[in-house]
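Residue numbers (our numbering), protein chains in the order written: chain A, 8 to 294; chain B, 1427 to 1755. Just so you know, even glycine gets a beta-carbon here, dropped at the ideal spot from N, CA and C.
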Amino acid sequence: MSAHQAGQWPSAAPRPQINRRRRTLTVIVCTAAFIIAAWLGGYLVNLEKLATNLQSRNHAPSLQYLFGTDWLGRDMFTRTVKGLGLSIQVGLLASVSSGVIAVMLGLLASMGKIADRIVSWLIDAFLSVPHLVSLILLAFVMGGGMKGVVIGIALTHWPSLARIIRAEVMQLKSAKYVQISRRMGRSSWWIATRHMVPHLLPQLFVGVLLMFPHAILHEAAISFIGLGLSPHQPAIGIILSESMRYLSMGMWWLAFFPGLCLLLVVRSFDVLGERLRGLVDPRRSRE
Amino acid sequence: MIRKLLAFLGFKAVRLASLMFAISLISFMLVQNSPIDPVQAYVGADAVRVSPEQRAQIAAYWGLEKPPLERFVIWSSALLQGDMGTSMIYRQPVEEVIGERFLNSAALMGVSWLLSGIIGFIAGVVAAMKKDTWIDRCIQWYCYTLASTPAFWLGLLLLMIFAVWLGWFPVGLGVPAGVLADEVTMADRIRHLILPALTLSVVGISNIALHTRQKLVDVLESDYVLFARARGETGFRLFWRHGLRNIALPAVSLQFASFSELFGGAVLAEQVFSYPGLGQAAVDAGLRGDVPLLLGIVLFSALFVFTGNLIADLLYRFIDPRIRKAGVR
Chain A
8 MSAHQAGQWP SAAPRPQINR RRRTLTVIVC TAAFIIAAWL GGYLVNLEKL
58 ATNLQSRNHA PSLQYLFGTD WLGRDMFTRT VKGLGLSIQV GLLASVSSGV
108 IAVMLGLLAS MGKIADRIVS WLIDAFLSVP HLVSLILLAF VMGGGMKGVV
158 IGIALTHWPS LARIIRAEVM QLKSAKYVQI SRRMGRSSWW IATRHMVPHL
208 LPQLFVGVLL MFPHAILHEA AISFIGLGLS PHQPAIGIIL SESMRYLSMG
258 MWWLAFFPGL CLLLVVRSFD VLGERLRGLV DPRRSRE
Chain B
1427 MIRKLLAFLG FKAVRLASLM FAISLISFML VQNSPIDPVQ AYVGADAVRV
1477 SPEQRAQIAA YWGLEKPPLE RFVIWSSALL QGDMGTSMIY RQPVEEVIGE
1527 RFLNSAALMG VSWLLSGIIG FIAGVVAAMK KDTWIDRCIQ WYCYTLASTP
1577 AFWLGLLLLM IFAVWLGWFP VGLGVPAGVL ADEVTMADRI RHLILPALTL
1627 SVVGISNIAL HTRQKLVDVL ESDYVLFARA RGETGFRLFW RHGLRNIALP
1677 AVSLQFASFS ELFGGAVLAE QVFSYPGLGQ AAVDAGLRGD VPLLLGIVLF
1727 SALFVFTGNL IADLLYRFID PRIRKAGVR
């Protein structure tokens, strides 16, 4: 198509191509920078501002308090940044462990027919209960807290990625070099680790990245319900659930800004993942 | 045809049975290993006034001293007879609690399911028909943003704007507070339903809209649409005669297959608006350690999701004339 156009308009055709690539890279750099800033910000925040300061209670947003202050005089901007850092941290832990589970089960499925049956059955079983309900169950079982949330999200989010990996592995198995390798007497383990895993890595990376949005949203949701992170931590879900008591007093900023920032972070992860997928696997990125 | 349908349903029934068994086994084992002591959770604030002997009695009454496997057999055989145990926090049989709560939730989920389906479908169609224009870009941008919006935050915003500032709707609950149950009118119930339903419907819109858009774009690029365009058909007429039939069925079955997200969203929407539905019961059960109710809700939600997927499957296999005539696999 583009070659055909190039014949007609020699000067116009190559330019959009370059622009698109440059635009993709710009978007990737910007979103990544934003995410890293939010993450590091969570560590760098001035802890003094998290302390209660009864003299500056219930301030509406102003230049001094960008996001306002709450009923204890805590600076909402600081709390929000800290909360975003927490969210990203939970997302990182949960997504990576979920990715590990997905790879192990995806590879296991390639070992044989019975293993494949078991894995598909497990995927179906885990997908059959709504995520939030299984998260409530797991958080209850683990007794809440950071551990409960991370394990809960890791255990509920692997099936979709495992499905993709399983399909990819099935395709790889019929590839020439894998078959030759098998004829040469390589073990299943050797093939899995030397042939399959390197091939799967880029996909896996993007898959894990695209799991972040779900993980972060679910973390916020379960903390909001009260079964997630401890109420003493300024997680976004906790901030929002506390804000509910003050909404009827017209303190809109308590809920508005933290939620908006969470939305921005989640969207950034989404955009970053989609753009990277476009680079890694152009075939599948077309939605 | 009928025989195929029966065979299909039989296959699904076996699958459902194995699925339910697996879920009940897994969740029972999980709860088994929970660090929360059920007797302690039951006793709660009265901990000081309950003697060790009384604790032992409670444990014996619930059969807690028996080995786990035996308890699982007792519990699951009671389940098979339709006895899901007694909820600790509502002091009612679990199946009654679920039934009562589900009626409320069903109203909420049904309304928002329809809303999100209709709005999403229309948005997707408009975006595809106006592909690559600013309308299309706006709709797509809006859908992607919605997809990364925390549902409960959106609920809070709606609550803030429409209930607190404008005062159009009540702040929460399923019925007005302080009014006798007999005096609650249908209008009251609907007024209390609107905001939660709106919140919940927003969650489902982006999925259906983006899917519909993609399907319709594919259809519009096909040869028969090219031919139709060559004959001079455009706009709504083109969509009505060639687009709608091709995209309606996938959209409807996608909507049925989204029961899982719907249920999850309902949990959050009910929490924000203190709407007395099944999701709120699930949260309470989790927070206060009501194991029988929690297990009951897990199983019930799995059944709910399964039903949705089954309907989606049936629609694809037995309603779609192309697949029906080609023979069911």
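Ranked by Cα distance from Ile-243 (chain A), the options A:Leu-208, A:Thr-85, A:Ser-105, A:Thr-33 are led by A:Thr-85.
Judged by DSSP in its simplified three-state form, Gln-240 (chain A) adopts coil rather than helix or strand. Cβ contact annotation for Ile-158 (chain A) (same chain, cutoff 7 Å, sequence separation greater than five): Leu-145, Met-149, in chain order. Cβ proximity to chain A below 9 Å picks out Tyr-1570, Thr-1571, Ala-1573, Ser-1574, Thr-1575, Pro-1576, Ala-1577, Phe-1578, Trp-1579, Leu-1580 from the segment 1565-1581 of chain B.
Residues of chain B whose Cβ lies closer than 8 Å to the Cβ of Ala-146 (chain A) are, in chain order, Gly-1712. Along the segment 1689-1703 of chain B, the positions whose C-beta sits under 7 Å from a C-beta of chain A are Phe-1689, Gly-1690, Val-1693, Leu-1694, Gln-1697, read in chain order. In the DSSP assignment, Trp-260 (chain A) falls within the unbroken alpha helix (DSSP H) covering 260-287. For Phe-1595 (chain B), no chain A residue has a Cβ inside 8 Å of its Cβ, as the nearest lies near 13 Å away.
Cβ-Cβ separation between Ala-228 (chain A) and Leu-100 (chain A): approximately 17 Å, too far for a contact (criterion under 8 Å).
In the structure shown, Asp-1644 (chain B) falls within a helical segment according to DSSP collapsed to helix, strand and coil. In the assembly as shown, Ile-187 (chain A) is an exposed residue. Its beta-carbon has fewer than 16 other beta-carbons within 10 Å. In this structure, Val-1731 (chain B) and Ser-135 (chain A) form a Cβ contact; the two beta carbons are roughly 6 Å apart against a cut-off of 8 Å.
Around the beta-carbon of Trp-165 (chain A), 16 or more other beta-carbon atoms lie within 10 Å, marking it buried. At a cut-off of 8 Å, the C-beta of Phe-1588 (chain B) has no neighbouring C-beta in chain A. Between the beta-carbon of Leu-1572 (chain B) and that of Ile-1616 (chain B) there is about 25 Å, and that puts the pair past the 8 Å contact cut. With its beta carbon at least 8 Å from every one in chain A, Asn-1530 (chain B) lies outside the interface. Between the segment 188-199 of chain A and the segment 251-270 of chain A, the count of Cβ pairs shorter than 8 Å is below three; the stretches do not touch.
Under the Cβ distance rule, Phe-231 (chain A) counts among the residues neighbouring chain B, one pair being separated by less than 8 Å. In the structure shown, Thr-1575 (chain B) adopts coil according to DSSP, grouped into three states. Shown here, Ser-181 (chain A) sits in coil according to DSSP, grouped into three states, outside any helix or strand.
Its Cα nearest to that of Tyr-1568 (chain B), the residue B:Ala-1553 stands out among B:Ala-1553, B:Arg-1517, B:Asp-1716. CA-to-CA, the gap between Asp-277 (chain A) and Phe-1689 (chain B) works out to about 23 Å. Judged by beta-carbon spacing, Ile-42 (chain A) lies within the 8 Å limit of Ser-275 (chain A), meaning their Cβ atoms are closer than that value. The C-beta distance from Glu-1659 (chain B) to Arg-1667 (chain B) rounds to 7 Å, short enough to fall under 8 Å. Distance from the CA atom of Ala-109 (chain A) to the CA atom of Ala-1654 (chain B), rounded to whole angstroms, is 46 Å. Looking at the DSSP output, Pro-1519 (chain B) bridges to B:Thr-1512.
Residues of the same chain with a CB within less than 8 Å of the CB of Gly-1703 (chain B), apart from the 5 flanking positions on each side, are Arg-1527, Phe-1528, Asn-1530, Ser-1531, Leu-1534, Gly-1600, Ala-1692, Glu-1696 in chain order. When C-alpha distances from Gln-1458 (chain B) are compared across B:Leu-1636, B:Trp-1501, B:Asp-1562, the shortest belongs to B:Trp-1501. Listed along the chain, the chain A residues whose CB falls inside 7 Å of the CB of Ala-1708 (chain B) are Val-140, Ile-143.
Contact annotation: the segment 1495-1515 of chain B touches the segment 1709-1718 of chain B, with at least three C-beta pairs closer than 8 Å. Segment contact: the segment 1542-1557 of chain B against the segment 1620-1631 of chain B, three or more CB-CB distances shorter than 8 Å; contact assigned.
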